[in-house]
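In the working numbering, the protein residues as written are 140 to 434.
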């Protein structure tokens, strides 16, 4: 029997920087804010956390800090994927040693792995660790889609338990639900939470949760409680903000939003840069319209 790591809304949390270094004090504040406002899991060192800019030691130090700060209040899922399988396996082993409750493993980017290579890649992770693994399908960033055939094959491994589906293709998600019933599905797109829950999804790994954790949790919980209309209405109410959080490449808008809320999320690391002023005005307006206080 596979282990479900979490149900509900997990936050793809940002990594706050100050003067080019990790701002651990603010990371702790953000983790507490999330847990106090009903977030169901912390996903650390993912795309939103700018993990691709982190050297290994820093990457692992952030995971260790998050595990200790969360202190078992919610599961901590560590991003440990790489386009170099050997490198990713080392990050994964170390993440397990540091106490991560699970791993998020992105499709290898740039290499554009073929089917045989992709299967071997994911199976290598399953063999390397004992903790549960959620695969991350985001072809817009990696150039490779996890097909249902690949997922069905690698899901034979006991600890490959789920997939974060950010393909934006609801037909593909439905095919996964049909052909891979032993895999938990999490929405990787905040605008598709309710549709994916309707196909049996377990929740969302969310950017929106950074700024509205309780509401994102509630979208899922209302659905699980059978209040489908209320769940859908809440998602629709937040759609403008969801869209504005992706008006530029993630995590540029969400980090900007957190700074507007008074958090010290700090700057982005190059090659990501400051948000365009015209888009900033649109983001600020969407936040205010959702009842978020901005400074």
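Note that CB positions come from ideal geometry on N, CA and C, so glycine has one too.
Nearest to residue i (by Cα), restricted to the options the options
{"i": "residue 234", "options": "278, 362, 306, 205", "result": "205"}
{"i": "residue 387", "options": "203, 173, 187, 331", "result": "187"}
{"i": "residue 430", "options": "404, 223, 396, 414", "result": "396"}
{"i": "residue 350", "options": "333, 425, 222, 369", "result": "425"}
{"i": "residue 297", "options": "280, 330, 261", "result": "261"}
{"i": "residue 360", "options": "166, 178, 224, 169", "result": "178"}
{"i": "residue 328", "options": "275, 270, 220, 289", "result": "275"}
{"i": "residue 271", "options": "216, 263, 403, 163", "result": "216"}
{"i": "residue 172", "options": "417, 405, 401", "result": "401"}
{"i": "residue 212", "options": "278, 253, 180, 256", "result": "180"}
{"i": "residue 149", "options": "170, 163, 162", "result": "170"}
{"i": "residue 342", "options": "288, 324, 368", "result": "324"}
{"i": "residue 284", "options": "292, 305, 428, 228", "result": "305"}
{"i": "residue 259", "options": "356, 428, 385, 293", "result": "293"}
{"i": "residue 279", "options": "251, 267, 160, 255", "result": "251"}
{"i": "residue 221", "options": "254, 193, 428, 174", "result": "193"}
{"i": "residue 248", "options": "409, 301, 231, 227", "result": "227"}
{"i": "residue 174", "options": "159, 161, 208, 160", "result": "208"}
{"i": "residue 277", "options": "254, 366, 245", "result": "245"}
{"i": "residue 383", "options": "355, 191, 419", "result": "419"}
{"i": "residue 254", "options": "242, 269, 291, 243", "result": "291"}
{"i": "residue 191", "options": "151, 241, 295, 219", "result": "219"}
Range covered by the alpha helix (DSSP H) that runs through residue i
{"i": "residue 203", "result": "195–209"}
{"i": "residue 249", "result": "Unbroken run through residue 249: none, as it is neither H nor E."}
{"i": "residue 371", "result": "367–376"}
{"i": "residue 391", "result": "391–399"}
{"i": "residue 293", "result": "287–293"}
{"i": "residue 333", "result": "332–337"}
{"i": "residue 425", "result": "416–428"}
{"i": "residue 353", "result": "352–363"}
{"i": "residue 312", "result": "309–318"}
Host beta strand (DSSP E) of residue i (start-end)
{"i": "residue 276", "result": "272–276"}
{"i": "residue 240", "result": "Segment: none, residue 240 is in no beta strand (DSSP E) and carries neither H nor E."}
{"i": "residue 326", "result": "323–326"}
{"i": "residue 345", "result": "342–345"}
Rounded Cβ spacing between residue i and residue j (contact assumed at less than 8 Å)
{"i": "residue 432", "j": "residue 321", "result": "The Cβ separation is near 44 Å, so there is no contact."}
{"i": "residue 517", "j": "residue 165", "result": "Nothing can be reported for residue 517: it is not among the residues displayed for the chain, which extend from 140 to 434."}
{"i": "residue 399", "j": "residue 423", "result": "6 Å"}
{"i": "residue 224", "j": "residue 263", "result": "6 Å"}
{"i": "residue 394", "j": "residue 344", "result": "Between residue 344 and residue 394 the Cβ distance is about 17 Å, and since that is not below 8 Å, they are no contact."}
{"i": "residue 282", "j": "residue 144", "result": "Incorrect: roughly 27 Å between the Cβ atoms, too far for contact."}
Own chain residues within Cβ distance below 7 Å of residue i, not counting five before or after
{"i": "residue 353", "result": "176, 177"}
{"i": "residue 202", "result": "183, 184, 217, 234, 237, 239"}
{"i": "residue 163", "result": "204"}
{"i": "residue 267", "result": "228, 231, 232"}
Contacts around residue i, its chain only, beta-carbon distance under 6 Å, and the 5 residues preceding and following it disregarded
{"i": "residue 358", "result": "332, 370, 373, 374"}
{"i": "residue 330", "result": "381"}
{"i": "residue 362", "result": "336, 370"}
{"i": "residue 257", "result": "289"}
Close Cβ partners of residue i (< 8 Å) along its chain, the five nearest in sequence each way excluded
{"i": "residue 390", "result": "153, 186, 187, 188, 189, 346, 407, 411"}
{"i": "residue 414", "result": "387, 391, 392, 395, 422"}
{"i": "residue 428", "result": "379, 380"}
Cutoff 8 Å: residue i Cβ touching any chain C Cβ
{"i": "residue 297", "result": "Considering every chain present, this structure includes no chain C. It has just one protein chain."}
Any contact of the segment 192–204 with the segment 372–392, i.e. 3+ C-beta pairs under 8 Å? Taking a cut-off of 8 Å for Cβ pairs, the segment 192–204 and the segment 372–392 do not touch, as fewer than three such pairs fall below it.
Is the segment 155–172 touching the segment 314–323 in the sense that three or more CB pairs, one from each, lie closer than 8 Å? With a cut-off of 8 Å, the segment 155–172 and the segment 314–323 do not count as touching, because too few Cβ pairs lie within range.
Measuring CB atoms only, is the segment 301–313 touching the segment 328–341, in the sense that at least three cross pairs come out at less than 8 Å? Segments in contact, yes.
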